[in-house]
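Residue 61 is where the sequence shown starts when you use this note's numbering, and the numbers rise one by one after that. Glycine residues also receive a C-beta, built at the ideal position from the N, C-alpha and C atoms. So the structure is just underneath, and the comments pick up after that.
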Amino acid sequence: MKNNPEIIVAGHLCLDIIPGLQNLNIQQPEDFFVPGKLVDSSPAVVSTGGCVSNTGLGLVKMGINAALMGKVGEDSFGRIIKMIFRDDWGVTDGLIVDKESVTSHTTVISPKGYDRMFLHCPGANDTFSISDIDFELVAKAKHFHFGYPPLMRKMYLNNGEELVNIFRRAKETGLTTSLDMALPDPDSESGKIDWKKYLQNVLPYVDIYLPSAEEILFMLDKGKFFEFQNTSSEDSISLFSGDDLHNISSSLLDMGAKIIMIKCGHRGSYIRTADKETLSIIKTGCFNVDEWANIELWQPAFKINVRPNATGSGDATIAGFLTAYIKGCSAEKSICYANATGACSVTAPGALAGLISWEELTERLESGWESAFLEVEGDKWEKAVNTWKRK
Numbered sequence: 061m062k063n064n065p066e067i068i069v070a071g072h073l074c075l076d077i078i079p080g081l082q083n084l085n086i087q088q089p090e091d092f093f094v095p096g097k098l099v100d101s102s103p104a105v106v107s108t109g110g111c112v113s114n115t116g117l118g119l120v121k122m123g124i125n126a127a128l129m130g131k132v133g134e135d136s137f138g139r140i141i142k143m144i145f146r147d148d149w150g151v152t153d154g155l156i157v158d159k160e161s162v163t164s165h166t167t168v169i170s171p172k173g174y175d176r177m178f179l180h181c182p183g184a185n186d187t188f189s190i191s192d193i194d195f196e197l198v199a200k201a202k203h204f205h206f207g208y209p210p211l212m213r214k215m216y217l218n219n220g221e222e223l224v225n226i227f228r229r230a231k232e233t234g235l236t237t238s239l240d241m242a243l244p245d246p247d248s249e250s251g252k253i254d255w256k257k258y259l260q261n262v263l264p265y266v267d268i269y270l271p272s273a274e275e276i277l278f279m280l281d282k283g284k285f286f287e288f289q290n291t292s293s294e295d296s297i298s299l300f301s302g303d304d305l306h307n308i309s310s311s312l313l314d315m316g317a318k319i320i321m322i323k324c325g326h327r328g329s330y331i332r333t334a335d336k337e338t339l340s341i342i343k344t345g346c347f348n349v350d351e352w353a354n355i356e357l358w359q360p361a362f363k364i365n366v367r368p369n370a371t372g373s374g375d376a377t378i379a380g381f382l383t384a385y386i387k388g389c390s391a392e393k394s395i396c397y398a399n400a401t402g403a404c405s406v407t408a409p410g411a412l413a414g415l416i417s418w419e420e421l422t423e424r425l426e427s428g429w430e431s432a433f434l435e436v437e438g439d440k441w442e443k444a445v446n447t448w449k450r451k
């Protein structure tokens with residue numbers, strides 16, 4: 061890899077271990093969890109996971125020179141991650157190896173017919189700090205992206221003080237910045253912090269904020285989040301109206317974010333941007349301010365012909381968005397590339413197997429890829445060609 065990356069991707073990184081349980085015939089969970097029982101399985105899948113892997117390698121797949129700053133231990137799992145990055149993807153820049161930490165890993169228990177269960181060791185992600193960031197390498201890039209602070213203890217303690225310091229340093233080098241989130245376990249330490257205050261501290265240093273609809277609702281309005289979950293725990297995303305996302309994005313703009321993309325799963329993605337004056341202060345040559353200012357639209361997902369596998373699709377969506385952004389596309393084109401990348405991702409297991417090159421993605425979009433149905437309710441929302449816009 062070249063020494064001058066276009067994008068730095070930092071944050072959460074782990075090794076996913078997925079035993080092959082799809083062929084097991086289980087009538088009830090107790091049939092699986094029997095002390096002393098030997099359960100035959102199909103071959104396990106071992107892959108890298110987390111934002112650094114899913115978004116970072118997604119960028120690499122689309123031709124972006126990215127440095128990946130995730131933290132691993134000097135152990136077998138860490139060596140596997142390093143080998144996958146180097147041998148399968150040609151990525152050698154940015155990885156942090158800490159002798160005092162263990163590599164984060166997740167065992168995914170997913171028997172057929174039941175929701176997945178995760179056995180997660182946070183490991184090195186909980187010790188990740190500003191001292192792990194190579195700011196000399198950051199200064200050579202155009203953009204800095206950070207992902208999953210709710211799953212990284214030092215990143216969510218003290219109302220995000222450590223993450224504020226990281227983003228402030230990145231901004232001082234002249235880069236644009238972006239932030240992706242993760243949904244905390246409500247019963248965990250992370251789930252109990254004041255996320256609204258956290259965002260008020262962090263977002264002044266974030267140019268592009270990229271949460272999912274569920275994540276940001278949890279952080280700004282827990283009452284409504286649990287109301288949506290109780291109404292439709294399997295598909296709460298269908299309950300969001302255009303007014304819900306407009307009100308959420310208004311709060312985020314007030315907190316300091318300049319460009320907001322909210323991932324909405326099978327309903328596509330929503331984007332809202334600040335005014336021309338606000339965007340003009342961002343030090344970047346990546347976009348035309350006139351093409352990005354005062355945008356508010358909800359872009360439907362693209363149709364696919366297979367049953368979707370959503371693992372990592374949000375990270376892939378972000379990879380598509382940032383690739384388009386760094387290539388100088390308009391806001392409307394960038395959201396289309398975001399949804400297209402997400403659609404490709406869900407056609408195969410994991411976040412990366414379904415991804416295609418930038419050139420192939422462009423060809424598919426230009427061939428008239430059909431959008432999925434989307435209905436948006438709310439004040440001032442109107443159907444436009446292949447999208448919904450707020451007047």
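**OP:** Indicate whether residue 425 and residue 121 have their beta-carbon atoms separated by less than 8 Å.
**Re:** Going by C-beta atoms, residue 425 is not nearer than 8 Å to residue 121.
**OP:** May I ask you to report which of helix, strand or coil DSSP gives residue 147?
**Re:** Residue 147: helix per DSSP, three-state reduction.
Original post:
Do you know whose CA, among 271, 304, 193, 314, lies nearest residue 155's CA?
Top reply: The residue with the shortest Cα to Cα distance from residue 155 is 193.
Subject >> residue 162 versus residue 185 - alpha carbon distance >> reply: Whole-angstrom Cα-Cα distance: 9 Å.
**OP:** Quick one: grab the DSSP three-state call for residue 208.
**Re:** Coil, per DSSP.
**OP:** Note down, in chain order, each residue of its chain lying with its Cβ closer than 6 Å to the Cβ of residue 169, except the 5 sequence neighbours on either side.
**Re:** Around residue 169: 177.
**OP:** Could you pull the start and end residues of the beta strand (DSSP E) that residue 74 belongs to?
**Re:** Taken as a continuous stretch (DSSP letters only), the beta strand (DSSP E) holding residue 74 covers 74 to 80.
Original post:
So the alpha helix (DSSP H) residue 319 belongs to, where does it begin and stop?
Top reply: That residue, residue 319, is in no alpha helix (DSSP H); its beta strand (DSSP E) goes 319 to 323.
Original post:
Quick one: does the C-beta of residue 235 sit closer than 7 Å to a heavy atom of the ligand ZN?
Top reply: In terms of ligand content, the structure shown is empty, and the ligand ZN therefore cannot be addressed.
Original post:
Taking the alpha-carbon positions, what's the residue 297 to residue 324 distance?
Top reply: So the alpha carbons of these two residues sit roughly 6 Å apart.
**OP:** My understanding is that residue 303 touches residue 438, with C-beta atoms under 8 Å, so please give their C-beta distance in whole angstroms.
**Re:** The distance from the Cβ of residue 303 to that of residue 438 is about 4 Å, consistent with a contact at the 8 Å cut-off.
Original post:
Tell me which same chain residues have a C-beta within less than 6 Å of the C-beta of residue 138, skipping the five on either side of it?
Top reply: The beta carbon of residue 138 is closer than 6 Å to those of 132, 163 in its chain, skipping five residues each way along the sequence.
Original post:
So, helix, strand or coil for residue 91, using DSSP?
Top reply: It is helical.
**OP:** Within 10 angstroms of the Cβ of residue 2, are there 16 or more other Cβ atoms? Answer buried if so, exposed if not.
**Re:** Nothing can be reported for residue 2, as the shown portion of the chain is limited to 61 through 451.
Subject >> C-alpha distance - residue 64 paired with residue 81, whole-angstrom precision >> reply: Put simply, the backbone Cα of residue 64 is about 43 Å away from that of residue 81.
Original post:
How is the alpha helix (DSSP H) around residue 239 delimited, first residue to last?
Top reply: Run containing residue 239: none in the alpha helix (DSSP H); it sits in the beta strand (DSSP E), 236 to 240.
Subject >> Proximity of residue 405 and residue 384 at Cβ, strictly below 8 Å >> reply: No; because the gap between Cβ atoms is not below 8 Å, this pair is not in contact.
**OP:** Compute the Euclidean distance between the alpha carbons of residue 125 and residue 448, then round it to the nearest angstrom.
**Re:** One C-alpha to the other measures close to 33 Å.
Subject >> Residues near residue 352 by beta carbon distance below 8 Å, same chain, minus five either side >> reply: The beta carbon of residue 352 sits closer than 8 Å to those of 319, 333, 339, 390, 391, all from its chain and outside the five residues before and after it, given in chain order.
**OP:** Taking all protein chains shown into account, decide if residue 366 is buried (16 or more other Cβ within 10 angstroms of its Cβ) or exposed.
**Re:** By the neighbour-count rule (16 or more Cβ atoms within 10 Å), residue 366 is not buried but exposed.
**OP:** Go to residue 443, then tell me how far its alpha helix (DSSP H) extends in each direction, as first and last residue.
**Re:** Per DSSP, residue 443 lies in no alpha helix (DSSP H); the unbroken beta strand (DSSP E) holding it starts and ends at 441 to 444.
**OP:** Compare the Cα-Cα distances from residue 202 to each of 418, 387, 441, 152 and report the closest residue.
**Re:** For residue 202, the closest alpha carbon among the candidates 418, 387, 441, 152 is that of 387.
Subject >> N-terminal and C-terminal residue of the beta strand (DSSP E) that residue 165 is part of >> reply: Note, residue 165: beta strand (DSSP E), 165 to 169.
Original post:
Just curious, the alpha helix (DSSP H) that residue 216 is in, first and last residue?
Top reply: Looking at the DSSP string, the run of the alpha helix (DSSP H) that includes residue 216 is 213 to 216.
Original post:
By how many angstroms is the C-alpha of residue 357 removed from the C-alpha of residue 443?
Top reply: Between residue 443 and residue 357, the C-alpha separation is close to 10 Å.
Original post:
Whose CA, out of 189, 265, 258, 264, lies closest to the CA of residue 276?
Top reply: The candidate whose alpha carbon is nearest that of residue 276 is 258.
Original post:
Going by the CB atoms, is the gap between residue 280 and residue 329 shorter than 8 Å?
Top reply: Contact: no.
Original post:
Rounded C-beta distance between residue 227 and residue 70? I'm assuming under 8 Å.
Top reply: Between residue 70 and residue 227 the Cβ distance is about 10 Å, and since that is not below 8 Å, they are no contact.
Subject >> Length-filtered (3 minimum) beta strand (DSSP E) runs lying within the segment 246 to 320 >> reply: Segments of the beta strand (DSSP E) lying fully in the segment 246 to 320: there are none.
Subject >> For residue 431, the three-state DSSP class (helix, strand or coil) >> reply: Residue 431 falls in the strand class under three-state DSSP.
Subject >> Completely contained alpha helix (DSSP H) runs for the segment 347 to 421, where each covers 4 or more residues >> reply: Fully enclosed alpha helix (DSSP H) runs of 4 or longer: 349 to 352, 373 to 386, 391 to 405.
**OP:** Count the C-beta pairs between the segment 218 to 238 and the segment 103 to 113 that are closer than 8 Å, then say yes if the count reaches three, no if not.
**Re:** Contact fails: fewer than three Cβ-Cβ distances are below 8 Å.
**OP:** State the beta-bridge partners of residue 229 as determined by DSSP.
**Re:** The partner list for residue 229 (beta bridge, DSSP) is empty, contrary to what the question assumes.
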